[in-house]
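Here is the structure we will look at, set down as structure tokens.
Protein chains: 2
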Amino acid sequence: MKIIKTAREMQEFSDSLRREEKEIAFVPTMGYLHEGHLDLMREGKKRGDCLVISIYVNPAQFAPGEDLEKYPRDFERDERLARDVGVDVIFYPSDREIYPDGFQTYVDVEKVSNNLCGLSRPLFFRGVATVCNKLFNIVKPHVTVFGKKDFQQLVVIKRMVADLNMDIEVVGMPTTRESDGLAMSSRNAYLKEVERGSALSLSRSLKLAKELYEEGERRASVIIEKVEKYIGSHPYTKIDYVKICDTETMEDVETLENESVLALAVWVGFPRLIDNYVLGEPLNMM
Amino acid sequence: MKIIKTAREMQEFSDSLRREEKEIAFVPTMGYLHEGHLDLMREGKKRGDCLVISIYVNPAQFAPGEDLEKYPRDFERDERLARDVGVDVIFYPSDREIYPDGFQTYVDVEKVSNNLCGLSRPLFFRGVATVCNKLFNIVKPHVTVFGKKDFQQLVVIKRMVADLNMDIEVVGMPTTRESDGLAMSSRNAYLKEVERGSALSLSRSLKLAKELYEEGERRASVIIEKVEKYIGSHPYTKIDYVKICDTETMEDVETLENESVLALAVWVGFPRLIDNYVLGEPLNMM
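Sequence order for the protein chains is R and W. Under our numbering, the first residue of the first sequence carries the number -10, and numbering increases by one thereafter. Under our numbering, the first residue of the second sequence carries the number -10, and numbering increases by one thereafter.
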């Protein structure tokens, strides 16, 4: 397994792979890998001849006061996990390599970024789109794999790739969950023992929404109210949003007609956790 | 010479060239080709095994009330000129191909876009950067050639390519001029016979600035004032801006220390014409 730290060297390596007609699969991460990341990598492994991952905690997607400095990091452990799953290259750049002095170019995906996490974190998706644009130009993948746990991020990346004619296939994979249903996230590491039960209210509320949907409920406001009430009944929780949106436009819907996603963001103690469920789809949890 | 109208087909053609290790040179244009464009193409011809040009009048870089509808077009003539100069591919897309329904992603190059033309045309460089980003992803060139006549555009494109790690060499070529000194521009076609003399005041004012600079003048305000006075003494002229800026940051300078550019935008009758001169460099005119 190679570890590459500069954009130039990564591009040259990718060029050499492409000359040999090798397919490059790419999984961008912020490190502190968990089983969810590893599932994306296993998928990447199937889809490419060479699997590249990046480990980079992107400052452009953190606002002042968010957890940039605190964000969990453990490169040695990540390296071991990546090697075990068969990663060929870890791209592991410094901040100076990604945002050198004078940097001033940003990619804005406008409409689909405006709702949900874009409301509570106004420059978040600009940061995500910009760094992914850069990483795609550096790694030059044929296919890239993202998790559906960050549902809106997946929509933003798909939109950017289509709008800017980036010649890359974007694959979305189902959320990987703990055995109790909690969606895997590096930020789960912030949870205190006593908060764990409350953190489960997110995934359990998705189950509740699934039941309502299957009973025929199509009014978004009714589903949202019951989900909010359920989550709110747990200690340590503070709801950022509970919304139901069109999966293509990310606009709020009133009545469930087209494909829609129930998306939640909830503080549980310190961490702000997210989860989502595309109404009518199976929910991969016991 | 091939004419390709879809992004998909262009990407596939470029992929096949790259597999054969051919170098792709690219000159983006808005058509209505003149000797200035042809000079860029001749340079592209030298630098690549395959020369691709694009002809596309990009609506995203016109504001409402600007000359989008009026902008001169003549594809048959362009095709003949391109063939004569040895172009291999014209990429000639429709508006629907470039901006399909739902399009919403824009590239902003922030600081260097803010002065000069960015002041009088606020979304102009966002339109330029976005369409060039798309065209680069569609044509997949190794090298792209731009004219220094659009000096700020060249700075914006170089900045975008560097900031987003686009693996492309950006070459800037000297302004091509008519025998009387007028910078070549598709918009010169708008000039009436009686306005032609006034249009010459732009390039002649650059000469005046060159003389002042060579005599040792280093105060930007003094040079600007004399240039404004000279241009203003010609009928049909209306100055948009006369500025002296740092060639890297595009910020106004007071005293000429680092490399600086005198940049002008002047309406002469209907058309708004631009020209520029990097102080201390040779000026390619009789």
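Backbone N, C-alpha and C define an ideal beta-carbon position, used for all residues, glycine too. Fair warning: this is a prediction, and the values are worked out from it, not measured in the lab.
Taking 9 Å as the cut-off, decide whether the C-beta atoms of W/ILE233 and W/SER249 are in contact. As a position in the second sequence, residue 233 of chain W is number 244, starting the count at 1. As a position in the second sequence, residue 249 of chain W is number 260, starting the count at 1. Yes; because the gap between Cβ atoms is below 9 Å, this pair is in contact.
Use the C-beta contact count for R/GLU32: other C-beta atoms within 10 angstroms, 16 or more gives buried, fewer gives exposed. Within the first sequence, the letter at position 43 stands for residue 32 of chain R. R/GLU32 is buried by the Cβ-count criterion.
Whose C-alpha, out of R/TYR179, R/LEU171 and R/MET19, is nearest the C-alpha of R/VAL46? For this step, residue 46 of chain R is matched to residue 57 along the first sequence. Per the Cα distances, R/MET19.
Can we say the segment 160 to 172 of chain W touches the segment 180 to 195 of chain W, given the rule of at least three CB pairs closer than 8 Å? yes
Would DSSP call W/LEU124 helix, strand or coil? As a position in the second sequence, residue 124 of chain W is number 135, starting the count at 1. Of the three classes helix, strand and coil, the one that applies to W/LEU124 here is helix, per DSSP.
Under 7 Å Cβ-Cβ, which residues of chain R neighbour W/LEU153? The residue given as residue 153 of chain W occupies position 164 in the second sequence. THR94, ASN122, LYS123 and ASN126, listed in chain order.
Opposite W/THR94 in the DSSP bridges: which residues? Within the second sequence, numbered from 1, the residue matching residue 94 of chain W stands at position 105. DSSP, once it has assigned bridges, lists R/VAL98 as partnering W/THR94.
Assign W/ASP90 to buried or exposed, taking buried as 16 or more other Cβ atoms, counted over all protein chains shown, within 10 Å of its Cβ. As a working mapping, residue 90 of chain W is identified with position 101 in the second sequence. Its Cβ having fewer than 16 others within 10 Å, W/ASP90 is exposed.
Between which two residues does the beta strand (DSSP E) containing W/ALA252 stretch? The residue given as residue 252 of chain W occupies position 263 in the second sequence. Looking at the DSSP string, the run of the beta strand (DSSP E) that includes W/ALA252 is 249 to 257.
Could you tell me whether the Cβ atoms of W/VAL132 and W/ALA14 are closer together than 9 Å? In the second sequence, residue 132 of chain W corresponds to position 143, counting from 1. In the second sequence, residue 14 of chain W corresponds to position 25, counting from 1. Contact flag set, yes.
Just curious, the alpha helix (DSSP H) that R/ILE212 is in, first and last residue? Locating residue 212 of chain R in the first sequence gives position 223, counting from the first residue. Run containing R/ILE212: 209 to 221, per the alpha helix (DSSP H) assignment.
Where W/ILE146 falls: helix, strand or coil (DSSP): Here residue 146 of chain W refers to the residue found at position 157 when the second sequence is read from its first residue. If DSSP states are grouped into helix, strand and coil, W/ILE146 belongs with the helices.
For W/ARG176 and W/PRO260, what's the separation of their Cα atoms in angstroms? For the purposes of this step, residue 176 of chain W is taken as residue 187 along the second sequence, with counting starting at 1. For the purposes of this step, residue 260 of chain W is taken as residue 271 along the second sequence, with counting starting at 1. So the alpha carbons of these two residues sit roughly 6 Å apart.
Leaving out the 5 sequence neighbours to the left and right, which residues in its chain are closer than 8 Å to R/LYS138 when beta-carbon positions are compared? Counted from its first residue, the first sequence places residue 138 of chain R at position 149. The answer, listed in chain order, is GLY25, THR164, THR165, ALA172, MET173, SER174, ILE263, ASP264 and ASN265.
Would you decide whether R/ARG69 is buried or exposed? Buried here means 16 or more other CB atoms lie within 10 Å of its CB. On the first sequence, position 80 is the one that residue 69 of chain R refers to. Looking at its Cβ environment, which holds fewer than 16 other Cβ atoms inside 10 Å, R/ARG69 is exposed.
Is the Cβ-Cβ distance between R/VAL211 and R/LEU253 less than 9 Å? Counting from 1 along the first sequence, the entry for residue 211 of chain R is found at position 222. Counting from 1 along the first sequence, the entry for residue 253 of chain R is found at position 264. Cβ distance not < 9 Å, so R/VAL211 and R/LEU253 don't count as in contact.
Expressed to the nearest angstrom, what Euclidean distance is found between the alpha-carbon atoms of R/ILE44 and R/GLU9? Indexing the first sequence from 1 puts residue 44 of chain R at position 55. Indexing the first sequence from 1 puts residue 9 of chain R at position 20. One C-alpha to the other measures close to 26 Å.
I need the DSSP call for R/MET331, collapsed to helix, strand or coil. Past the boundaries of the shown model lies residue 331 of chain R; chain R is included only from -10 to 275, so the question cannot be answered.
With 9 Å as the threshold, decide whether the Cβ of R/THR119 is near any Cβ in chain W. Within the first sequence, the letter at position 130 stands for residue 119 of chain R. Yes - at least one Cβ of chain W is within 9 Å of the one on R/THR119.
Is R/THR119 helix, strand or coil when you go by DSSP? The residue you call residue 119 of chain R lines up with position 130 of the first sequence. In this structure, R/THR119 counts as helix in the three-state DSSP scheme.
Taking the alpha carbon of R/ILE127 as the reference point, which residue from R/LYS199, R/ILE87 and R/LEU272 has its own alpha carbon closest? Locating residue 127 of chain R in the first sequence gives position 138, counting from the first residue. Answer by Cα proximity: R/ILE87.
Whole runs of the alpha helix (DSSP H) within the segment -3 to 46 of chain R, excluding any shorter than 4 residues: 24 to 36
According to DSSP, is R/ILE87 part of a helix, a strand, or is it coil? For this step, residue 87 of chain R is matched to residue 98 along the first sequence. Three-state DSSP puts R/ILE87 in a helix.
Any chain R beta carbon closer than 9 Å to W/GLN0: Looking up residue 0 of chain W in the second sequence gives position 11. Chain R contact via Cβ: present.
So which residues of chain W does R/MET149 contact, with C-beta pairs closer than 7 Å? By 1-based counting over the first sequence, the position of residue 149 of chain R is 160. Those within 7 Å of R/MET149 in chain W are THR94.
Less than 7 Å between C-beta atoms, sequence neighbours within five positions excluded: which residues of the same chain meet that for R/LYS181? As a working note, residue 181 of chain R is residue 192 in the first sequence. Same-chain partners within the cutoff: GLY258.
Please list the residues of the segment 37 to 49 of chain W that have a C-beta atom closer than 7 Å to any C-beta atom in chain R, keeping them in chain order. none
Going along chain W in order, which residues have a C-beta closer than 8 Å to the C-beta of R/GLU10? On the first sequence, residue 10 of chain R is found 21 positions in, with the first residue counted as 1. What R/GLU10 touches in chain W: ARG8.
If you measure from the beta carbon of W/LYS215 to each beta carbon in chain R, is any gap under 9 Å? Counted from its first residue, the second sequence places residue 215 of chain W at position 226. False, the Cβ-Cβ gap to chain R never drops below 9 Å.
Assigned exposure category for R/ASP152 - 16 Cβ within 10 Å defines buried: As a first step, residue 152 of chain R must be located in the first sequence, where it is residue number 163. The residue is buried, with at least 16 neighbouring Cβ atoms inside 10 Å.
Using a C-beta cutoff of 9 Å, does W/GLY25 count as contacting chain R? As a first step, residue 25 of chain W must be located in the second sequence, where it is residue number 36. So, not an interface residue.
Looking only at its own chain, which residues have a Cβ that is under 7 Å from the Cβ of R/PRO61, when we skip the five neighbours before and after it? By one-based count along the first sequence, residue 61 of chain R stands at place 72. Here the set comprises TYR21, SER175 and ALA178.
Give me the subset of the segment 235 to 246 of chain W whose CB atoms are less than 7 Å from a CB atom of chain R, sorted by chain position. none
For the alpha helix (DSSP H) that contains R/PHE51, what are its first and last residues? For the purposes of this step, residue 51 of chain R is taken as residue 62 along the first sequence, with counting starting at 1. Premise fails: R/PHE51 is in no alpha helix (DSSP H) and is neither H nor E.
Hey, is W/GLY269's beta-carbon within less than 9 Å of any beta-carbon in chain R? Residue numbering aside, residue 269 of chain W sits at position 280 when the second sequence is read from its first letter. No, W/GLY269 does not count as interfacial toward chain R.
Separation of R/VAL150 from R/VAL242, as counted between CA atoms: Indexing the first sequence from 1 puts residue 242 of chain R at position 253. Indexing the first sequence from 1 puts residue 150 of chain R at position 161. One C-alpha to the other measures close to 25 Å.
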